[in-house]
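Residue numbers (this note's numbering): 168 to 348. Built from N, CA and C at the ideal position, the CB exists for glycine as well. For reference, the structure discussed in these notes is given below.
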């Protein structure tokens, strides 16, 4: 499901709701901005993370222990619900950043927050889902195994978590000034 965001057209002043396709988001983010590589990682990882959750649901529904599907364990289905919620919150942050960007605002702080959260959530999500797959989760045939390995790049590439935190602190005006000796 694609959620709408508010878009104001400066030429005629009208306000409309638009439903952007993923490609439009990527194109919008790529237009000469410093932060576009960070959000490209973010945009490109949403669908695979959703797929990992769905594949984990499907697997835990058919895999049984003690005569019942693994999915029936409260710990499992509650955790999958939490991860899905976190992913939706991340998507909302992206839509907010894009809406503000279209309006001409500086969204460096929001983009940094999105990249930071995307990297950390990708590691948390793949680690949790891998646990539910058991040993099968380490085979290259399943998406969770590949994403478990590859998602680490989100927190390193195009600015590490520490760089993103420094940018956020700078925009919050809490980053200490460098002292010259």
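### Query
Which runs of the alpha helix (DSSP H), 4 residues or longer, sit entirely within the region 227-294?
List check, alpha helix (DSSP H) in window: 241-269.
### Query
Which class does residue 210 belong to by DSSP, given the choice of helix, strand or coil?
Looking at residue 210 - three-state DSSP - the assignment turns out to be helix.
### Task
In angstroms with no decimal places, state the Cα-to-Cα distance between residue 309 and residue 343.
Cα to Cα, the separation comes out at about 45 angstroms.
### Option nearest residue 249 by Cα separation, candidates 296, 346, 317
Of the candidates 296, 346, 317, the one whose C-alpha sits nearest the C-alpha of residue 249 is 296.
### Task
Give a yes or no on contact between the region 223-237 and the region 299-306, applying the rule of three or more CB pairs nearer than 8 angstroms.
Because the criterion of three Cβ pairs below 8 angstroms is met, the region 223-237 and the region 299-306 touch.
### Query
Which of the three DSSP states, helix, strand or coil, is assigned to residue 327?
Reduced to three states, the DSSP call for residue 327 is coil.
### Task
Could you pull out every residue in the same chain whose Cβ sits closer than 6 angstroms to the Cβ of residue 318, ignoring the five residues on either side in sequence?
Same-chain partners within the cutoff: 289, 290, 293.
### Message
For the structure I just gave you, are there three or more beta carbon pairs, one from the region 256-265 and one from the region 327-346, closer than 8 angstroms?
### Response
By the criterion of at least three beta-carbon pairs nearer than 8 angstroms, the region 256-265 is not in contact with the region 327-346.
### Task
Rounded to whole angstroms, what's the CA-CA distance from residue 312 to residue 251? Just pull it up for me.
About 19 angstroms.
### Task
Please list, in chain order, all residues of the same chain as residue 246 whose beta carbon is under 7 angstroms from its beta carbon, the five residues on each side excluded.
Residues of the same chain with a CB within less than 7 angstroms of the CB of residue 246, apart from the 5 flanking positions on each side, are 295 in chain order.
### Task
Within the same chain, show all residues whose beta-carbon is closer than 7 angstroms to that of residue 243, passing over the 5 residues directly before and after it, in chain order.
Answer for residue 243: 227, 237, 299, listed in chain order.
### Query
Among residues of its own chain, excluding the 5 on either side of residue 286, which ones have a beta-carbon nearer than 7 angstroms to its beta-carbon?
Same-chain partners within the cutoff: 321, 322, 328.
### Task
Report the rounded CA-to-CA distance for residue 266 versus residue 277, giving the unit in angstroms.
Between the alpha carbons of residue 266 and residue 277 lies a gap of roughly 11 angstroms.
### Query
residue 311 lies in the alpha helix (DSSP H); which residues open and close that run?
Per DSSP, the continuous alpha helix (DSSP H) segment holding residue 311 begins and ends at 310-317.
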